[in-house]
Amino acid sequence: MTLLLAADLDGGGMTPLIVAGLVALAVALVVAAIVVLRRRRSRAPGAGDGATAVGDAADRVIGRLADRAAGAADVPAPSLRDRLSRARTALTGPLTSALERTSVSEEAWTEVTEALIRADVGLATSSEIVDSARARTGAAGDDPAAAKAALQAELRERLGGFDRSLARRGDGERPSVWLFVGVNGTGKTTTIGKLAKREADAGSRVVLAAGDTFRAAASDQLAMWAERSSAHIVRGAAGADPASVVYDAVESAAARGADLVLADTAGRFHTEQNLMAELQKVRRVADSGSGVVAETLLVLDATTGQNGLAQAQQFTEAVDVTGVVLTKLDGSAKGGIVVAVQAELGVPVKLVGVGEGIADLVPFDTSEFVDALFA
Ligand SMILES: Nc1nc2c(ncn2[C@@H]2O[C@H](COP(=O)(O)OP(=O)(O)O)[C@@H](O)[C@H]2O)c(=O)[nH]1
Ligand SMILES: [Mg+2]
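The sequence shown begins at 8 in my numbering and counts up by one.
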């Protein structure tokens, strides 16, 4: 600025000097305005939804970067309630508005049924839930508080009563194998990565089996997760027989004294019979050597809603699924799919994926879930 002014003076005349002064004044004013605005924003109690959303998004990005950098050593698992915010809104709003009348009419119950159906609970199950809830309210049928309590009790009962623990063989001699199956892109590999970290942190010696030999990139993706959880990984050549890769991984685990093998498989459609037969072979072989299949986990993308259920049925029949991992419940999924999975498959949701980060996997908890739906 000084140089500029000097040059201007040399050139003679006052006009450039005035222009430069005005520019300096404008800059000073802009700086002052920014400072004032910032102060105001930081003082305002609710900085406004836009600002909060931007802040949250920034927090998430920073969280994810930190998570990646640090291998998420101390990232606490998020609570189911916190991470279900979007899955919840599909149900919570309509349910609350139907049940917040002075008296719960026939029409209000119809609205409850519709809200359940829209939230992916499924037609038959939604009607059953509402019928049972109404029967529960008995004489107090039109009291909103009683109706809400009956609905919550009904959901708790339907979701409850399942063993959601992940099984181990228990004799400590043969490694337990957890086999992951499902269609492409549902989150199998990511879930294995998250679980490897969780189980390793809890003291298990974990081996990953890169049983998705269909794409070369698949075992690279798993290798990245292995690094993050310090798990050993056994890979085969591209196109290798997945059953033999899983077999080798189990033998390697037994030789190293590892207690858990997490076996990845290539995604496949439930309608592809030869690929479903291949999966049955993987399961058989994983059980035939030094290990035992203790869990066969179907990984379902919650955002596929009712479509996911048809796949699930076929997988359940083909490979005797013992539990469901419902992923992407942090996205546009509707929470009702949890109820549908259990009602229609008779298989418990054991884990819920609520993000792409290493800590974004939470055990499913019925009470927490039902409370969250009505919060
Ligand atoms: N938002 C979200 N994304 C997920 C979740 N689980 C997996 N993903 C993403 O889904 C995509 C497919 O995951 P991947 O593990 O490769 O699926 P796979 O084909 O079944 O092995 C990846 O971009 C993952 O980051 C989850 O719980 N939430
Ligand atoms: Mg995969």
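Yeah, the Cβ is synthetic: ideal placement off N, Cα and C, and Gly gets one too.
CA-to-CA, the gap between T329 and R291 works out to about 15 Å.
The Cβ atoms of A245 and S226 lie closer than 9 Å to each other. In this structure, T334 has its CB closer than 8 Å to one or more heavy atoms of ligand 1. Pairing E180 with D266, the inter-Cα distance amounts to about 8 Å.
Within the same chain, A157, L158 and E161 come within 6 Å of A140 by CB-CB distance, once the 5 residues on both sides are set aside. For the segment 147–205, the full-length alpha helix (DSSP H) segments reaching 4 residues or more read 151–166 along the chain. The shortest C-alpha to C-alpha distance from S374 to any of Q318, V257, V119 and F169 is the one to F169. Remark: C-beta atoms of R163 and V359 do not approach each other more closely than 9 Å. Looking from the CA of F187, the closest CA among S295, A250, I344 and E121 belongs to A250. Per DSSP, the unbroken beta strand (DSSP E) holding E302 starts and ends at V299 to D308.
Contact between L102 and F371 does not hold, since their C-beta atoms are separated by about 20 Å, which reaches or exceeds 8 Å. Between ligand 1 and the CB of G330, the shortest heavy atom gap is not smaller than 8 Å. In chain order, W232 place their CB closer than 6 Å to the CB of G200, counting only its own chain and leaving out the 5 sequence neighbours on each side. G210 is positioned such that its CB atom lies no closer than 9 Å to that of T334. When distances are taken from the beta-carbon of V361 to the heavy atoms of ligand 1, the shortest one is below 8 Å.
In this structure A217 is in contact with V252, their Cβ atoms being roughly 6 Å apart against a cut-off of 8 Å.
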